Structures are given as C-alpha cells and as structure tokens.
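K.L.:
Attaching a single structure in structure tokens format; questions to follow.
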Ligand SMILES: C[S@@+](CC[C@H](N)C(=O)[O-])C[C@H]1O[C@@H](n2cnc3c(N)ncnc32)[C@H](O)[C@@H]1O
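Laid out in structure tokens, this is it:
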C-alpha cells in the first residue's frame, strides 16, 4: 500500500484500532473463559469448529465466528486439511504460554478479573467522569454501593472474587517481585513486613533473597485465607508469616522495613497520608519504606499502560497512579529521606522506590 492510499483511509487506522479495541478484548475474554486454550492444548493435532462446539456445548455458527476472529487476532491458529479443506484450529505455543491455565506464568485470572469486574465498570465510565466518584458506577455495574474500602466490599461480593483477585495479583507479582527484591540492598533490614501483601509473592521473593530476615505479610483476613490456597508449596509457606488485619485500623506488625507493592495505587491521597504517617511512626530511626508501583512520566503523557491504569484505579478503587515526583513529595511530607527510585525489569513501567526514616 503506498502512502497516498494510506492517507485516504477512513477512519485513520489508529482510530479504527481503538474503536474496535473492545471487540478484541471480548474475543480474548470469551476464548479464555471458555478455556479453549486448555482444550486445544489437549488436542495437539488441532480441532474442527464442530468438535470444539460439541465438546463445549456451544452454538456452531457462533463458535466458528469467534474462532475465526481469534484467528485474525493471532490468538488461535487456523490451518486446512489439504484433502477436505476442513479448518483445523490449534494453539500458538507462545500465546498458550499465557492463556493456558496450567502454564506457570499464565494470565487467566487477570483476564477473568478484567472480564467480570473491570469491563462492567468501564461500561459506566461516563458516570464516573461526570461525578468524579465511583459509587454510582459500582451501583450501575453490580447493584451495590461502595465506600472507599472497596476491597472489603469486593471480597464479600462473590465467593470466587477474593481468590480470582488474589490469583490475578499473584500472577503479576510473581513476575515483578524478584526484581523488586533485588532493586536495593535490603540486607540491613532483618524484619520485613509487606503491607497489603496479598498472595505473598513479594514476601516469598524477599525471603529467598534475604534468608536471614523474617518476612511477614499483613492483609485483610479474607485475603490471608485466599492466599493459603494460592501458594500451596509448604516449604515456601514456612518462610513467610501471614498476619490478618486492617492497615487503617490495626497496629502494623513490627518491622524495620515496610513494603507496599501495588497497594498505594489503590488509595486517594488522604488515605495514602494515613498509611505513610502510620508507617513512619511504626519505624525506628534507620528503618525504611519500599513502594513498588507503575509510574507515569512527569508530564503524564506516557507510558500508555500506567496512563490506562490511572483511569482504572479511579473507576475500580478510588486510587490513582502517580509520577516519581508525586511519590517523592508524599514521602518527604511525612519525614522520609534518602529517596531512591529504580525501574524494575520485566513489566511495563514498574518501579521500586525506597526512602528512610532519619
Ligand atoms: C492491589 S492488591 C496488591 C497485592 C500485593 N501487594 C501484590 O502486589 O500482589 C492490594 C492489597 O491490599 C490489600 N488491602 C486492601 N485494603 C486493606 C486494608 N484495609 N488492610 C490491609 N490490607 C488491605 C488487599 O487485600 C490486597 O491484597
């Protein structure tokens, strides 16, 4: 295609791509929810649409259409048996690595969470933008009101929710935590407490990097309960202590280093001030705080992933993504010094920040 043809396309390809973005997400969501990647993994030679539809008890025409769209999106491979011209669908190995539920670094829980919780909320984004609050958004999407303690509401919302959410967090954290644990020399800290530590992914990474330190996860009781199912390895589990509690209401377990991974993003500034004030007061002199978060650039023009996550935090949690300077100012306001910030390899613009109590 020459440049002249390109420039006359209506709408411009960028706009068309964004316009149809929801169709792509939905194709990913339904093929994952239907566990098609798991089914195709069992049938190494591929399956016809008819075989897939009858195995999953689906409508044949609809199955064929979604499979063909997934083929166009390069999620699923389509070949033809030369003699009969019958279409055979199979997995692309690199795609199945993340969409097949038995693979160690799969993102199935993240997709289920996006499909069941985030997508319904986004259908009411305009309500959120008009009011600046997500109360009405939750009511429209799920029929219940939330306060800023959204996590507790959601844990009670559905019995599968807490496990799906923690699994989603665990999948992300398992990728990023080794990098966070290695970002700074944490050997001076012999008691580490991961506040809002969820599944314990960061705590396990810290325990393996610093075997002499005691590492505690502090999280809401529902999360602590769900975490036990997510990290079933008994020897791993012995390295980390789980304590249940509410970080706004209860005393923090004692520590010389408090960590918050993807947890400050969940809260508006006034709540973050409460957490930072409490962290500062809970530390002895020389103690430190480590925060791991996605960072937006200083002009908030990129990267795209944290910019999107900033909208997501608004609609989903009443929180926000921040820039490095915003984190530095928040920490300095509470008396923290020696601020350092490092990029963590492996996941978008994830950064580790450390600051100390003088
Ligand atoms: C976005 S998740 C991050 C989990 C984990 N740090 C990670 O990176 O995988 C936020 C965590 O904060 C916890 N949390 C929310 N409100 C809390 C509270 N009031 N007290 C303690 N933990 C809380 C949630 O249960 C959840 O595990």
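In the working numbering, the protein residues as written are 1 to 358.
The C-beta atom is built at its ideal place from N, Cα and C for all residues, glycine as well.
Every value quoted in this text rests on a predicted model; they were computed, and no experiment measured them.
(1) Can you find a heavy atom of ligand 1 that lies under 7 angstroms from the Cβ of residue 198?
(2) For residue 89, is the classification buried or exposed, using 16 other Cβ atoms within 10 angstroms of its Cβ as the cut-off for buried?
(3) With H, G and I counted as helix, E and B as strand and the rest as coil, what does DSSP make of residue 98?
(4) Sort 129, 27, 181, 200 by Cα distance to residue 62 and report the nearest one.
(5) Under DSSP, the beta strand (DSSP E) around residue 91 begins and ends at which residues?
(6) Helix, strand or coil, according to DSSP, for residue 138 in the structure here?
(7) Can you give the beta carbon distance from residue 177 to residue 207, rounded, assuming they're within the 8 angstroms contact cut?
(8) Return the chain-ordered ranges of every alpha helix (DSSP H) run that is complete within the region 232-310 and spans a minimum of 4 residues.
(9) Which one or two residues does DSSP pair with residue 216 in a beta bridge?
(10) Taking the DSSP output, what are the residues bridged to residue 356?
(11) Taking residue 44 as the reference, give the member of 192, 76, 66, 181 with the closest Cα.
(12) I need the straight-line Cα distance from residue 315 to residue 337, nearest angstrom please.
(13) Between the alpha carbons of residue 137 and residue 319, how many angstroms are there, rounded?
(14) Does the beta-carbon distance from residue 173 to residue 261 come in below 8 angstroms?
(15) Would you call residue 279 buried or exposed, if buried means 16 or more other Cβ atoms sit within 10 Å of its Cβ?
(16) Taking just the CA atoms, how far does residue 353 sit from residue 193?
(17) Would DSSP call residue 18 helix, strand or coil?
(18) Run the proximity test for residue 231: is its beta-carbon closer than 7 angstroms to any non-hydrogen atom belonging to ligand 1?
(19) Less than 7 angstroms separating the Cβ of residue 160 from some heavy atom of ligand 1?
(20) Could you check what DSSP says for residue 222 in three-state terms: helix, strand or coil?
P.N.:
According to the structure shown:
(1) For the purposes of this step, residue 198 is taken as residue 198 along the chain shown, with counting starting at 1. Within the cutoff, so yes.
(2) Along the chain shown, read from residue 1 onward, the residue named residue 89 stands at position 89. Buried is the call here.
(3) Your numbering for residue 98 matches position 98 in the chain shown. Looking at residue 98 - three-state DSSP - the assignment turns out to be helix.
(4) Counted from its first residue, the chain shown places residue 62 at position 62. With distances taken between Cα atoms, residue 62 lies closest to 27.
(5) Working through the chain shown from its first residue, we reach residue 91 at position 91. Where residue 91 is concerned, the enclosing beta strand (DSSP E) stretches over 87-91.
(6) Position 138 of the chain shown holds residue 138. Helix, per DSSP.
(7) By 1-based counting over the chain shown, the position of residue 177 is 177. By 1-based counting over the chain shown, the position of residue 207 is 207. No, residue 177 and residue 207 are not in contact; Cβ-Cβ is about 11 angstroms, not under 8 angstroms.
(8) Unbroken alpha helix (DSSP H) stretches of 4 residues or longer found wholly inside the region 232-310: 234-238, 269-282, given in chain order.
(9) Working through the chain shown from its first residue, we reach residue 216 at position 216. 193, 241, per the DSSP bridge assignment.
(10) Locating residue 356 in the chain shown gives position 356, counting from the first residue. For residue 356, DSSP records a beta bridge to 288, 337.
(11) Mapped onto the chain shown, residue 44 falls at position 44. Measuring from the Cα of residue 44, the nearest candidate turns out to be 76.
(12) Counting from one through the chain shown, the residue named residue 315 turns up at place 315. Counting from one through the chain shown, the residue named residue 337 turns up at place 337. Cα to Cα, residue 315 sits roughly 32 angstroms from residue 337.
(13) For this step, residue 137 is matched to residue 137 along the chain shown. For this step, residue 319 is matched to residue 319 along the chain shown. Between residue 137 and residue 319, the C-alpha separation is close to 15 angstroms.
(14) For this step, residue 173 is matched to residue 173 along the chain shown. For this step, residue 261 is matched to residue 261 along the chain shown. Contact: yes.
(15) Taking the chain shown and counting its residues from 1, one reaches residue 279 at position 279. It counts as buried.
(16) One-based indexing of the chain shown puts residue 193 at position 193. One-based indexing of the chain shown puts residue 353 at position 353. So the two alpha carbons sit approximately 16 angstroms from each other.
(17) Against the chain shown, residue 18 aligns to sequence position 18. Reduced to three states, the DSSP call for residue 18 is helix.
(18) As a first step, residue 231 is located in the chain shown; it is residue number 231 there, counting from the start. Incorrect: residue 231 has no Cβ contact closer than 7 angstroms to ligand 1.
(19) The residue you call residue 160 lines up with position 160 of the chain shown. No, since every heavy atom of ligand 1 falls outside the 7 angstroms radius drawn around the Cβ of residue 160.
(20) Start at 1 with the first residue of the chain shown, and residue 222 comes out as number 222. For residue 222, the secondary structure class from DSSP, reduced to helix, strand or coil, is helix.
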